[in-house]
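Worksheet: the structure to be examined is printed underneath.
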Amino acid sequence: TQLLEQSPQFLSIQEGENLTVYCNSSSVFSSLQWYRQEPGEGPVLLVTVVTGGEVKKLKRLTFQFGDARKDSSLHITAAQPGDTGLYLCAGGGGGADGLTFGKGTHLIIQP
Amino acid sequence: NAGVTQTPKFRILKIGQSMTLQCAQDMNHNYMYWYRQDPGMGLKLIYYSVGAGITDKGEVPNGYNVSRSTTEDFPLRLELAAPSQTSVYFCASSYGPGQETQYFGPGTRLLVL
Numbered sequence: 242t243q244l245l246e247q248s249p250q251f252l253s254i255q256e257g258e259n260l261t262v263y264c265n266s267s268s269v270f271s272s273l274q275w276y277r278q279e280p281g282e283g284p285v286l287l288v289t290v291v292t293g294g295e296v297k298k299l300k301r302l303t304f305q306f307g308d309a310r311k312d313s314s315l316h317i318t319a320a321q322p323g324d325t326g327l328y329l330c331a332g333g334g335g336g337a338d339g340l341t342f343g344k345g346t347h348l349i350i351q352p
Numbered sequence: 169n170a171g172v173t174q175t176p177k178f179r180i181l182k183i184g185q186s187m188t189l190q191c192a193q194d195m196n197h198n199y200m201y202w203y204r205q206d207p208g209m210g211l212k213l214i215y216y217s218v219g220a221g222i223t224d225k226g227e228v229p230n231g232y233n234v235s236r237s238t239t240e241d242f243p244l245r246l247e248l249a250a251p252s253q254t255s256v257y258f259c260a261s262s263y264g265p266g267q268e269t270q271y272f273g274p275g276t277r278l279l280v281l
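Chains G and C, in that order, give the protein sequences.
Reminder that position 2 of the first sequence reads as 243 in the working numbering, one-by-one numbering, no gaps.
Reminder that position 57 of the second sequence reads as 225 in the working numbering, one-by-one numbering, no gaps.
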């Protein structure tokens, strides 16, 4: 069974600060996705990374896939209250059988 | 497009009752999935389907059944509800497997008492 460990589980910081969320596994994934989920809603895809060492930027969010495709990180610069939510990483094995999700990081950005 | 829709939004069941969670998508996606999300546990795959008439078990299929008679619909059936099935259920669909984006519905919150 492939497992994805996310850290930290909870993070509360002030508006304007920077933060990094980590997603680690002992297994290799063909792709790694990051989703954001708000209360009462389903997850929404932020980014997909597929190549080892790949870096993608989405405005103030920077996503990196580890060289060995076993880990990923999400860095947020100058966090804003609108960034508050549950961030989930999900690994794809390349097959049809869905994604393996981490437990998520609950992020709160205080004004 | 409505995307992925789920009904009902919330349901309370008594132990031993049965119910069907409905899921529909209007994006002509072949791949559909059912996940459950327990507090602090992330999402776990229950069943998935790669097309009409084809379904397969995920990580936690016990106590559930699915069918896929059309491309659009993928209902999830609970036959004998148990307290352990209290959870939030999400249906998702994608154009293809693997790295393809999965589009999630708003979820069904189920409480079994």
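Glycine included, every Cβ here is placed at the ideal spot set by N, Cα and C.
With contacts defined as CB atoms closer than 7 Å, F342(G) and L211(C) qualify as a contacting pair.
For Y201(C), the closest C-alpha among the options G275(C), L278(C), F258(C) is that of F258(C). By the rule that beta-carbons nearer than 7 Å mark a contact, E246(G) does not touch chain C. Under the 7 Å criterion on CB atoms, E279(G) is classed as non-interfacial with respect to chain C. Pairing L273(G) with V290(G) gives a Cβ-Cβ distance under 7 Å. Contact with chain C is found for E282(G), since one of that chain's Cβ atoms lies less than 7 Å from the residue's Cβ. Secondary structure note for K212(C): its beta strand (DSSP E) is the uninterrupted segment 211-219. Shown here for N265(G): same chain residues with a beta carbon closer than 6 Å to its own, the five before and five after excluded, namely E246, D312 in chain order.
Think of a sphere of 8 Å around the beta carbon of F242(C): no beta carbon from chain G falls inside it, the nearest being about 13 Å out. Of all alpha-carbon atoms in N198(C), T188(C), A192(C), V280(C), the one lying nearest the alpha-carbon of P251(C) is that of V280(C).
About 4 Å separates the beta carbons of L327(G) and Q278(G), which is inside the 8 Å limit, making them a contact pair. For K297(G), the enclosing beta strand (DSSP E) begins and ends at 296-299. Taking C-beta atoms as the reference points, Y199(C) and L213(C) fail to come closer than 7 Å.
Look at K344(G): its C-beta is under 7 Å from a C-beta on chain C. As for any beta strand (DSSP E) of minimum length 3 sitting wholly inside the region 205-281 of chain C, the runs are 211-219, 222-225, 232-234, 244-246, 255-262, 276-280, ordered along the chain. Between the alpha carbons of D324(G) and L248(C) lies a distance of about 40 Å. The beta carbon of V296(G) sits closer than 6 Å to those of Q305, all from its chain and outside the five residues before and after it, given in chain order.
Burial check for V262(G): the Cβ neighbour count within 10 Å reaches 16 or more, so the residue is buried.
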